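Scroll down for the structure; my scribbles are underneath it.
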Amino acid sequence: MRHIKLITALALTLCLSFTLVAKPKIRIIATGGTIAGVSATSASSAYTAGQVGIQTLIDAVPQILQLADISGEQLVNIGSQDMNDEVWLKLAKRINVLLNEEGYDGIVITHGTDTMEETAYFLNLTVKSDKPVILAGSMRPSNAISADGPANLYNAVAAAVSPACKGMGVLCCMNNQLLDAKTVIKTHTIDCDTFEGGPSGIIGYIYNGEAHILQAPMNKHTKESEFDVTKLDKLPKVGIVYGYANASPLPMQAFVDAKFDGIVLAGVGDGNFYKDVFEVAVKAQNQGIQIVRSSRCPTGPTCLNSEVDDAKYHFVAALDLNPQKARVLLMLALTKTHNWQEIQEFFMKY
286 MRHIKLITAL ALTLCLSFTL VAKPKIRIIA TGGTIAGVSA TSASSAYTAG QVGIQTLIDA
346 VPQILQLADI SGEQLVNIGS QDMNDEVWLK LAKRINVLLN EEGYDGIVIT HGTDTMEETA
406 YFLNLTVKSD KPVILAGSMR PSNAISADGP ANLYNAVAAA VSPACKGMGV LCCMNNQLLD
466 AKTVIKTHTI DCDTFEGGPS GIIGYIYNGE AHILQAPMNK HTKESEFDVT KLDKLPKVGI
526 VYGYANASPL PMQAFVDAKF DGIVLAGVGD GNFYKDVFEV AVKAQNQGIQ IVRSSRCPTG
586 PTCLNSEVDD AKYHFVAALD LNPQKARVLL MLALTKTHNW QEIQEFFMKY
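If you read the sequence shown in my numbering, its first letter stands for residue 286, the second for the next number, and so on.
Now the structure itself:
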């Protein structure tokens with residue numbers, strides 16, 4: 286009996302030791318972008334995105350192996366200007382499998398910066414887990430002088446293994462900062478400090494390989510989201526029309542003629558229309574094409590029933606969402622309903 290107790294105690298000790306040394310299991314999903322880009326020379330500003338594979342990215346930052354049990358996969362290898370609905374659906378479904386069925390503790394996605402904010406917001410509404418999902422990219426190609434990609438990847442893994450990032454929704458990790466998927470916006474075409482967190486600021490930051498959270502997102506996301514893409518193989522067609530002085534109604538009419546399901550207006554000021562565009566928008570709404578008013582202004586809400594009588598025309602106000610994110614939410618909303626009031630409720634919650 287004493288011998289059996291000794292063996293049992295030894296086994297428990299070994300199990301406990303394994304538990305203490307086991308690292309979080311992190312999957313890196315590569316989609317391309319500047320972080321995987323290559324320029325002709327290390328000093329050249331001209332480069333081609335999506336040239337380096339996932340294993341090369343991992344090998345370039347061996348320090349991440351100290352943080353986690355790392356594995357990677359190449360989903361696509363494109364510049365993020367070519368990001369599309371098909372990749373979004375594939376990415377969301379894959380993340381849900383990895384986190385909910387294959388036991389991964391977190392996900393890092395390498396992604397181009399051009400549409401990173403849109404992908405982050407789409408995943409924020411479609412990932413069904415409270416485990417960390419972190420997007421990272423770079424503003425300089427992989428072989429550039431002072432390339433920012435390796436540091437961003439290291440910090441993203443640090444965020445993905447951090448208990449502090451659990452339940453924070455999908456985050457972007459760029460330039461040592463953690464940014465919420467709903468509010469993050471790219472503000473500069475070439476600068477490394479291009480991403481900002483909008484009026485609410487950043488969610489947190491990475492310092493010495495540790496995540497420090499300053500505030501939690503207030504909007505619903507991930508596990509609280511009612512949007513499910515599990516059985517979807519396509520998304521509703523939604524376009525964006527840009528507002529300006531003396532705007533032509535032709536772009537709006539083109540979406541109507543193409544039988545799009547929804548149209549987002551990147552309007553002037555508080556989501557206002559030029560009069561000729563307004564007339565087409567009213568007709569489109571009457572034909573069952575949902576119109577969402579947003580603004581080309583970088584900050585500030587598009588207010589409901591303010592300068593435009595949304596209730597009268599059955600328009601939806603984007604509130605705090607910019608046009609590109611309003612498009613993402615409208616696409617998902619249209620998978621649930623075509624009732625404008627119910628869609629407006631989604632914009633209030635998400």
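Glycine is no exception: its CB is placed at the ideal position from the N, C-alpha and C atoms. Given the structure is predicted, the values throughout are model-derived calculations rather than measurements.
Could you tell me if residue i is buried or exposed, where buried requires 16 or more neighbouring beta carbons within 10 angstroms of its beta carbon?
i           : result
residue 587 : buried
residue 387 : exposed
residue 368 : buried
residue 518 : exposed
residue 484 : exposed
residue 331 : exposed
residue 349 : buried
residue 583 : exposed
residue 466 : buried
residue 542 : exposed
residue 634 : exposed
residue 534 : buried
residue 430 : exposed
residue 503 : exposed
residue 481 : buried
residue 618 : buried
residue 575 : buried
residue 453 : buried
residue 405 : buried
residue 471 : buried
residue 426 : buried
residue 626 : exposed
Do residue i and residue j have their CB atoms nearer than 8 Å?
i           : j           : result
residue 537 : residue 501 : no
residue 565 : residue 612 : no
residue 477 : residue 401 : no
residue 606 : residue 512 : no
residue 459 : residue 428 : no
residue 557 : residue 526 : no
residue 573 : residue 623 : yes
residue 323 : residue 337 : yes
residue 528 : residue 567 : no
residue 414 : residue 385 : yes
residue 399 : residue 520 : no
residue 416 : residue 451 : yes
Using a Cβ-Cβ cutoff of less than 6 Å, which residues in the same chain neighbour residue i once the five nearest sequence positions on both sides are dropped?
i           : result
residue 563 : none
residue 522 : 545, 546
residue 474 : none
residue 577 : 549, 601, 603, 611, 615
residue 532 : 559, 562
residue 435 : 345, 346
residue 372 : 361
residue 238 : A question about residue 238 goes unanswered here, because the residues of the chain that appear run from 286 up to 635.
residue 420 : 394, 396, 401, 405, 457
residue 299 : Residue confidence is low: residue 299 scores 49 on pLDDT, short of 50, so the model does not pin down where it sits. Its coordinate-derived value is still stated next. Correct list: empty, nothing qualifies.
residue 304 : Model confidence at residue 304 stands at a pLDDT of 47, short of 50, so the residue's coordinates are unreliable and nothing is read from them.
residue 608 : 525, 549, 551, 579
residue 629 : 601
residue 595 : 589, 602
residue 449 : 496, 498
residue 510 : 410
residue 407 : 373, 613
Can you list, in chain order, the residues of its chain with a C-beta nearer than 8 Å to that of residue i? Leave out the 5 residues immediately preceding and following it.
i           : result
residue 309 : 352, 353, 354, 390, 391, 445, 446
residue 357 : 312, 313, 314, 315, 339, 340, 342, 343
residue 317 : 334, 335, 361, 362, 363, 364, 365, 395, 396, 397
residue 499 : 486, 487, 488, 489, 490
residue 515 : 378, 381
residue 302 : For residue 302, the pLDDT reaches just 48, beneath the cut-off of 50, and the residue's location in the model is therefore unreliable, although a value from the coordinates is still provided. Nothing meets the Cβ criterion.
residue 492 : 461
Thinking residue i and residue j are a contact (beta carbons under 8 Å), I'd like their distance in whole angstroms, please.
i           : j           : result
residue 610 : residue 403 : 7 Å
residue 539 : residue 579 : 19 Å between Cβ atoms; not a contact.
residue 393 : residue 469 : With a Cβ gap of about 16 Å, residue 393 and residue 469 do not count as contacting.
Excluding the 5 residues flanking residue i on each side, which residues of the same chain have their C-beta closer than 7 Å to its C-beta?
i           : result
residue 490 : 461, 462, 463, 497
residue 412 : 377, 380, 381, 418, 455, 507
residue 555 : 580, 587, 588, 591, 592
residue 423 : 319, 320, 432, 433, 434, 437
residue 375 : 360
residue 383 : 312, 389, 392
residue 598 : 567, 570
residue 631 : 614, 618
residue 479 : 398, 424, 471, 472, 473
*Can you list the beta strand (DSSP E) stretches of 3 or more residues lying completely in the segment 348-387, in chain order?*
354-363
*May I have a chain-ordered list of the alpha helix (DSSP H) segments no shorter than 4 residues that lie completely inside the segment 511-554?*
535-542
_beta strand (DSSP E) segments (min. 3 residues) lying fully within the segment 556-630_ = Correct list: 575-580.
*Please go through the segment 426-480 and give each complete alpha helix (DSSP H) segment of 4 or more residues, from N-terminal end onward.*
Runs found: 434-445.
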